[in-house]
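Comments concern the structure below.
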Amino acid sequence: MGSLDALIEVQLLDTTADQLRHQRSTLAQLEVLTAATSARAEVAARAEVQRSRLHDLRREQKAFEDEAASVEQKAADIDRKLYDGSVVAHKELEAFQADHRALKARQSELEDRAIEVMEAAEPLEADLAELDQQLVDHDERIARLGAEVDTARAELDRHLAEVAEQRAVAVDGVPAEVVSAYEATRGRMGGIGAARLVGNRCEGCHLEIPSAQLEEVRHAPDDAVVTCPECGRILVR
Ligand SMILES: [Zn+2]
């Protein structure tokens, strides 16, 4: 194989590697994974809002229950005094009885409020349970997609490693100065630094080479590096 045939081999392998890297960064599963991750974040934000509301309601409910218990305790204290014989004066008894009634009424009112808050929390709780289930589903899906992405990447990486090995062999057959000219052209010309001359046409730019220049190209020594007058790529004859 001539050195320029080896260069074409290098070009083919570089193009293959470029395609593999492109596939690696534009995996279809990656796009789905990104969408799934942002869908999960949306649900998580909604769950956070509901969790915080529920937390507030639970605190409110507990405050009513605590106050109801404290009022109940006060009523019980009065109840004891009413029946332990320590209060005998009729007016005093009446006053205590009135306090007791007021406290029991207040207790009942507080208990009602606690129940109202608890009932208000119920749909929120159901909503939160639904959102939490959605998060579990999203996490499972994200894990599955992540594994698919990893598998696809590992496969591409294996392929890339093979291509790199083959390129190392092929590039060995190309003079160093040709390799550096090729790499500079490839960097400038969208990844294609060397192209075959087929008939009078450059396979890099697909333009016909004018006949005068074509003669020069054809008569150049075999080991000379000739470039396409149209696109500047290294022509392999
Ligand atoms: Zn060309």
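Using the working numbering, you'd call the opening residue of the sequence shown number 1437 and step up by one each time.
Quick reminder that beta carbons are idealized off the backbone N, C-alpha and C, glycines included.
Cβ shell of residue i (< 8 angstroms), same chain only, five flanking positions each side left out
i     : result
L1490 : A1557, L1560, E1561 and L1564
V1468 : L1581
V1614 : S1439, L1440, L1443, V1661 and I1670
R1589 : R1460 and L1463
Whole-angstrom distance between residue j and residue i, CA atom to CA atom
i     : j     : result
S1506 : D1513 : 11 angstroms
M1437 : V1672 : For M1437, the predicted structure reports a pLDDT of 48, less than 50, and the residue's modelled location is therefore unreliable. A value from the coordinates is still provided. Approximately 12 angstroms between the Cα atoms of the pair.
T1621 : D1568 : 55 angstroms
L1650 : E1666 : 11 angstroms
A1511 : A1525 : 19 angstroms
D1454 : E1584 : 22 angstroms
S1616 : V1572 : 53 angstroms
A1606 : A1612 : 12 angstroms
P1546 : R1495 : Reading off the sequence, residue 1546 comes out as Leu, not Pro. Roughly 14 angstroms between the two C-alpha positions.
A1534 : D1520 : 17 angstroms
T1451 : A1481 : 44 angstroms
Y1618 : D1659 : 15 angstroms
D1515 : A1499 : 24 angstroms
T1600 : V1446 : This sequence places Ala at residue 1600; Thr is not what is there. Going from the Cα of A1600 to the Cα of V1446 covers about 10 angstroms.
Contact test: residue i Cβ vs ligand 1 heavy atom, cutoff 7 angstroms
i     : result
L1443 : no
E1601 : no
G1582 : no
E1598 : no
A1631 : yes
L1571 : no
S1644 : With the sequence shown as reference, residue 1644 is identified as Glu, and Ser is not the correct amino acid for it. E1644 Cβ: outside cutoff for every heavy atom of ligand 1.
E1591 : no
G1640 : yes
R1594 : no
R1380 : Summary: the structure shown does not reach residue 1380, with the chain confined to residues 1437 through 1673, and so no result is reported for it.
R1669 : yes
E1666 : yes
Cβ shell of residue i (< 6 angstroms), same chain only, five flanking positions each side left out
i     : result
E1501 : A1550
Q1497 : A1550, V1553 and M1554
E1508 : Q1543
Reduced DSSP category for residue i - H, G, I as helix; E, B as strand; rest coil
i     : result
V1672 : strand
V1662 : strand
L1643 : coil
V1634 : strand
V1524 : coil
P1559 : helix
L1463 : coil
A1653 : According to the sequence as given, residue 1653 is Val; it is not Ala. Three-state result, V1653: helix.
I1628 : coil
Neighbourhood of residue i by C-beta distance below 7 angstroms, restricted to the same chain and skipping five residues each side
i     : result
T1663 : R1669, I1670 and L1671
L1592 : L1456, Q1459 and R1460
Any non-hydrogen atom of ligand 3 within 7 angstroms of residue i CB
i     : result
R1624 : Ligands in the displayed structure: ligand 1; ligand 3 is not one of them.
Residue-level contact to chain E via CB, residue i, 8 angstroms cutoff
i     : result
T1587 : Here there is only one protein chain, and chain E is not present.
Is the region 1629 to 1636 touching the region 1463 to 1480 in the sense that three or more CB pairs, one from each, lie closer than 8 angstroms?
-> No contact exists between the region 1463 to 1480 and the region 1629 to 1636.
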